[in-house]
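> Below: one structure in C-alpha cells.
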Amino acid sequence: MTVDVTVVGGGISGLACARAVRDAGGSVRVIDRGRRPGGRLASRTIEGRPVDLGASYFVVGDDPGFQRVTADWEARGIARPWTDTFSAIDADGAETRKTGPMRWAAPGGLRSLALDLADGLDIESERAVESVAPFRVDGADAGEVVLAMPEPQARRLVDGIPVRPQEWEPVIAVALRWEERRWPADLHGAFVNGDPDVAFVADDGDRRGDGAPVLVVHTTGERAARHLDDPDAAIAPVTAATRGLLRIDVEPVATYAHRWTFARPVRTTGEPFFRSPGLSMCGDAWGESAAVRTAWASGDALGRALAAS
C-alpha cells in the first residue's frame, strides 16, 4: 500500500519529519540502511557500554518544538544537561576554560534519543535504496519522497537533483579506553586548536554520567581524509596526539575507530529544507548552523509542510 510520505534516512531529521507527518494524521514510512535508526546520533556498544561516536552533544536552542521534545526527554531520564564549560587546548598544551550554552547528553548514548523518536513509526531497516525519483523509490510508488541525508549521498540516488552541491567535511571518531581515568575530572570536553590530528575530545564517561575512563576523539578533517579507506590507521596518530595534549603517560587498553565520510556541512543553506513536488530534502545542512537541533527542526518543519499540503 502506498503511503503519503516515504522518508529515506533514519537520522534525527528523517525521524522528526516522519513523526510530524504521522502526528498530523498522514501515513508515513522510513527506510534506513542501518541496522537501527540514528544516523549521526550514533552510539556503539564497546565492551558492554554504549559509546557516542557521532554527535558529541546537543544544545537546545530557542526552537519551542525542540524545547518541548528535550523537556520530555529530560522528564523521562533519557537526556540530561551535561556541561556549559569546555576547555580550549592549543597545540602546545596550553589550556583555557570557556563557558557557553548548556550542552546536553544522553545516559544511554545519543542513539537512544533517535530510538525514542522512532518509537511507533513504520521503519524498514537494513535496506539500501538504489534510486529515487519524485513520488518513487526503487521504481515503486512512494508518495512524497523525503531524502533525509547529506546532499552528496542524495545525489547518488537522484538524477539531476535540483539543489546546489554542498561541501561536507569528514571526521574519524576514535574511542580510547584506559583502565582508570588519567585526566582531570573537570575536563568534560575540549576543542583543540592548531593540532593536525585532533579537533575535539569528549570525556564519554563524564557526559554519559557513569564515570567510565573513555575518551572519544574527533579528528581534524585533514587527518580523516587521509584514512577514509582505513579508519583504523588513524588510531595511532590520534592516540599519540591525545596523550600529548592531555599529558597521559600510558597507552589506552582498548581502541576503536569509526569513519564519517560526511560528518558535517562546511556551510549551511540558511533555508529550513528543500521542497519540490514529490521530492524534498531535510537535515542539518538546511538551517542556519549545523547542529542536532537544526536537523530536528528541519525535519519537523518539512514534515508539517508536507502534511499541510
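According to full-length UniProt numbering, the residues represented by the sequence shown are 1 to 309, in order.
The beta carbon of each residue, even a glycine, is placed where N, CA and C say it ideally should be.
1. Mark residue 276 as exposed unless 16 or more other C-beta atoms lie within 10 angstroms of its C-beta, in which case mark it buried.
2. Given this structure, state the Cα-to-Cα distance separating residue 69 from residue 249, to the nearest angstrom.
3. Comparing alpha-carbon positions, which option in 203, 61 and 220 lies nearest residue 91?
4. Please go through the stretch 131-215 and give each complete beta strand (DSSP E) segment of 3 or more residues, from N-terminal end onward.
5. Would you say residue 204 and residue 59 are within 8 Å of each other, going by their C-beta atoms?
6. Determine the DSSP secondary structure at residue 100, reduced to helix, strand or coil.
7. Is it buried or exposed for residue 6, if we count other Cβ within 10 angstroms and need 16 for buried?
8. Mind checking which residues open and close the alpha helix (DSSP H) that includes residue 301?
9. Tell me whether residue 13 is buried or exposed, calling it buried when 16 or more other Cβ atoms sit within 10 Å of its Cβ.
10. Could you pull out every residue in the same chain whose Cβ sits closer than 6 Å to the Cβ of residue 56, ignoring the five residues on either side in sequence?
11. Going by CA-CA distance only, name the one from 80, 239, 4 and 138 that's closest to residue 209.
12. Give the DSSP-derived three-state secondary structure of residue 268 in the structure shown.
13. Do residue 225 and residue 170 count as a contact pair if the criterion is CB distance below 8 Å?
14. Can you check which of these residues, 141, 180 and 164, is closest to residue 286 by C-alpha distance?
15. Within 10 angstroms of its Cβ, does residue 294 collect 16 or more other Cβ (buried), or is it exposed?
16. In terms of residues, what are the limits of the alpha helix (DSSP H) holding residue 249?
17. How close, in whole Å, do the beta carbons of residue 301 and residue 273 come, if the pair is a contact with beta carbons under 8 Å?
18. Is DSSP giving residue 87 helix, strand or coil here?
19. Report the partner residues of residue 257 according to the DSSP bridge assignment.
Put simply:
1. Per the 10 Å Cβ criterion, exposed.
2. Going by the C-alpha atoms only, they are around 42 Å apart.
3. Comparing Cα-Cα distances from residue 91 to each of 203, 61 and 220, the minimum goes to 220.
4. 144-147, 168-177, 189-193 and 198-203
5. Taking 8 Å as the cut-off, the beta carbon of residue 204 is found no closer than this to the beta carbon of residue 59.
6. strand
7. With 16 or more other Cβ atoms within 10 Å, it is buried.
8. The continuous alpha helix (DSSP H) containing residue 301 extends over residues 292-308.
9. Result: buried.
10. 202
11. The shortest C-alpha separation from residue 209 is found at 80.
12. coil
13. yes
14. 164
15. buried
16. Taken as a continuous stretch (DSSP letters only), residue 249 belongs to no alpha helix (DSSP H), as it is neither H nor E.
17. 6 Å
18. Residue 87 falls in the strand class under three-state DSSP.
19. Per the DSSP secondary-structure output, residue 257 pairs in a beta bridge with 174.
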